[in-house]
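Enquirer: Residue numbers (our numbering), protein chains in the order written: chain D, 7 to 313; chain E, 7 to 313.
In this text, a Cβ means the ideal position worked out from N, Cα and C, and glycines have one as well.
Protein chains: 2
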Amino acid sequence: MSILVVGSVALDTVETPFGRADDALGGSATFFSAAASLFGPVQLVGVVGSDYPTGALSFLAERGVDLSGLEQAEGESFRWSGVYSFDLNSRETLETRLGVFAEFQPKIPEGFRDAEWVFLGNIDPELQLNVLEQVHAPKFVACDTMNLWIDIRRDALMRLLGRVDLLLVNDGEARQLSGEHNLSLAARWILQRGPRYLVIKKGEHGAVLFTPHSVFFAPGFPLEDVFDPTGAGDAFAGGFMGYLAQCGRTDEGDLRRAVIYGSVLGSFAVEKFSVERFRDLSADEIEDRVRLFREMTVFELPVDAGV
Amino acid sequence: MSILVVGSVALDTVETPFGRADDALGGSATFFSAAASLFGPVQLVGVVGSDYPTGALSFLAERGVDLSGLEQAEGESFRWSGVYSFDLNSRETLETRLGVFAEFQPKIPEGFRDAEWVFLGNIDPELQLNVLEQVHAPKFVACDTMNLWIDIRRDALMRLLGRVDLLLVNDGEARQLSGEHNLSLAARWILQRGPRYLVIKKGEHGAVLFTPHSVFFAPGFPLEDVFDPTGAGDAFAGGFMGYLAQCGRTDEGDLRRAVIYGSVLGSFAVEKFSVERFRDLSADEIEDRVRLFREMTVFELPVDAGV
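1. Are the beta-carbon atoms belonging to L167/D and I156/D less than 8 Å from one another?
2. Does the beta carbon of I266/D sit closer than 8 Å to a beta carbon anywhere in chain E?
3. Can you pull the chain D residues whose beta carbon is under 9 Å from the beta carbon of R262/E, in chain order?
4. If the criterion is Cβ atoms closer than 8 Å, does the pair P201/E and L172/E meet it?
5. Quick one, which residues of the region 83 to 102 of chain E are near chain D if we go by CB-CB under 7 Å, in chain order?
6. So, with DSSP's three-state summary, where would you put I114/D?
7. To the nearest angstrom, report how far apart E277/D and L174/D are at their CA atoms.
8. Residues bridged to Y203/E by DSSP?
9. Which residues of chain D have a Cβ atom closer than 8 Å to the Cβ of R300/E, listed in chain order?
10. Look at the Cβ atom of F84/E, then the Cβ atom of L100/E, and state whether they are nearer than 8 Å.
11. List, in chain order, every chain D residue whose beta-carbon is nearer than 9 Å to that of E230/E.
12. Please state whether the Cβ-Cβ distance between E258/D and T217/D is less than 8 Å.
13. Determine the direct distance from the alpha carbon of P23/E to that of L66/D, and round the result to whole angstroms.
14. In chain order, which alpha helix (DSSP H) runs of at least 4 residues are fully inside the region 134 to 175 of chain D?
15. Could you spell out the range, first to last residue, of the beta strand (DSSP E) harbouring R26/E?
16. Would you call A289/D buried or exposed, if buried means 16 or more other Cβ atoms sit within 10 Å of its Cβ?
17. R297/E CB to nearest chain D CB: under 8 Å?
18. Using beta carbons (cut-off 8 Å, strictly below), is S220/E in contact with chain D?
19. Check whether the Cβ of P131/E lies closer than 8 Å to any Cβ atom in chain D.
20. Pick out whichever of L191/E, P228/E, F299/E, V296/E has its Cα sitting closest to the Cα of A193/D.
21. Just how far apart, CA to CA, sit V137/D and W195/D?
22. From R199/D, S190/D, Q198/D, pick the residue whose C-alpha is nearest to that of L215/D; which is it?
23. Give me the chain E residues within the contact set of G259/D, using Cβ-Cβ distance strictly less than 8 Å, ordered along the chain.
24. For the putative contact between S14/D and S34/D, defined by C-beta atoms under 8 Å, what is the C-beta separation to the nearest angstrom?
25. I'd like to know if P225/E contacts chain D, where contact means its C-beta is closer than 8 Å to some C-beta of that chain.
26. For the beta strand (DSSP E) that contains T303/D, what are its first and last residues?
27. Nearest to P59/D by alpha carbon, out of R97/D, G245/D, V309/D, Q78/D?
28. Could you pull out every unbroken alpha helix (DSSP H) segment of at least 4 residues lying fully inside the region 58 to 97 of chain D, listed in chain order?
29. In angstroms with no decimal places, state the Cα-to-Cα distance between A62/D and D234/D.
30. Using the Cβ count rule (16 or more neighbours within 10 Å means buried), how would you classify Q198/D?
31. Short check: CB of V106/D to CB of G75/D, under 8 Å?
32. For L154/E, count neighbouring C-beta atoms within 10 Å of its own C-beta (all shown protein chains included) and say buried if the count is 16 or more, exposed if not.
33. Look at the Cβ atom of G237/D, then the Cβ atom of P225/D, and state whether they are nearer than 8 Å.
34. Would you check if the region 243 to 250 of chain D and the region 116 to 128 of chain D touch, i.e. whether three or more CB-CB distances between them fall below 8 Å?
35. Expressed to the nearest angstrom, what Euclidean distance is found between the alpha-carbon atoms of L298/E and F223/D?
36. Which residues in the same chain have their Cβ closer than 7 Å to the Cβ of Q140/D, if we skip the five residues on either side of it in sequence?
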């Protein structure tokens, strides 16, 4: 089944200890689509400026990302530039120019409105709610958000939480949203506000799935060379939703596997600049890494081990 | 089989956001023994001053901790006092008074020298080496260390690494020791210097076992109420070694389970001040939490799940 994603399509200028990329493909919807399209078709809704090198997105179109919802408006594209610390654990934003993204009003094409799988990338929660008004009967809606919206759009965000199946945020956002430092308490707070499920991404420390009755931990993949962390969270979301839409179910076992696929796609994202790693990433490479995640976490109970 | 542990036996004064404990039982050998003795007999070697309330250790003796190697010397006992930040993620040491511990020269009683399982708690690596000279043919030796020794006793520490089976440190220590920020690179560096195995403790983010050919991740147990983090690392070591000595083997599967038992005992340690949580901790409580760790980490590969 196809996945509808709404989010930013940007140009990133990124400096890491290992190099620099100028005006590279970026944005939440771009990273999401690059990852999710490895599992099945994606419908992308976003906006770029008249200066956007839309031809550079053709590799996405070629593998099933429907770009007919990508509006090209008069003006400048969304541009972000940032520099990472030597250990890649923190980054400084040098410049954010919203351009045409500042006036983005998502218009879901008629042909996308039957989407069953919906991912609301990190945009103003009022717009995320607006997208939900335009889709007919989604089976599973997940959303992302950020510190800015938690600060200045809390009311809309809380309304949104009542309408999504899953919230996907990082640990800092979960703490800010809930006002709880302890992640278990933060998770409980959030699950009481609407979403049935919550995924908290902890960067190099992995990701945690909270359901009403369980917790599932996936470790961070132990990469020796992290090249550029930009987009890892959106690639995680793409792998997560891509797997779910492909398998067509959201049982607990499916959600756990989706967290692993998300972790795998996130781990690939950081190996190169921009979406470069996804250009020729194979299904075998993905499955191999899923098996590595299992090898890295599996243990037998003493009774099963005959101890 | 009995485990020999050498380390500090101290009196801790701890302030957390939840309360304060004065002159409570503390020290690496104390926490280690309190945890390990839940699995089998322990032989403790350490030193306390003439002011130590040794009667307070009788609950350890009653469950198989042989205290005949605990020397009582003229002078003050080792005292540490510290205060934790509101989120328990950092602490400030208010005072460290080494007392008789400053002149500690471990003397391993004749009856302890056949120990097969040895844990060298965090003391001067020269003394840790000295302990190894006194034991005959240990089957498995694990050691801890700290930033101070990495700074001022690097040569002795490197010699020690060549003589232990396993090093157990936290992430900051692994980074400092290796000079590598990336934990995978740090682990590789350390494993090339002697120990066959390495466990890196990451506090709330869990623990990682590195062997020459594999990596195993255990998550941090998601406690909603962490009361006092003091001693969690030593309780981890106690659960880890306690389980190994009890099962009598060190195959990879055993080491993985040992990491889980270590994580479980560490998670209990922080629920109360000092070693209080270990006074009446039952085998059932331990096994229940081991099963929870499995429930929190298990997932089926798509092929096994019929996807």
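Expert: The relevant details are as follows:
1. no
2. yes
3. V304, F305, E306
4. yes
5. D93
6. coil
7. 22 Å
8. L172/E
9. F305, L307
10. no
11. N188, S190, L191, R194
12. yes
13. 52 Å
14. 153 to 158, 160 to 167
15. 25 to 32
16. exposed
17. yes
18. yes
19. no
20. P228/E
21. 25 Å
22. S190/D
23. F305, E306, A311
24. 5 Å
25. yes
26. That residue, T303/D, is in no beta strand (DSSP E); its alpha helix (DSSP H) goes 289 to 303.
27. Q78/D
28. 64 to 68
29. 20 Å
30. exposed
31. no
32. exposed
33. no
34. yes
35. 11 Å
36. I114, R119
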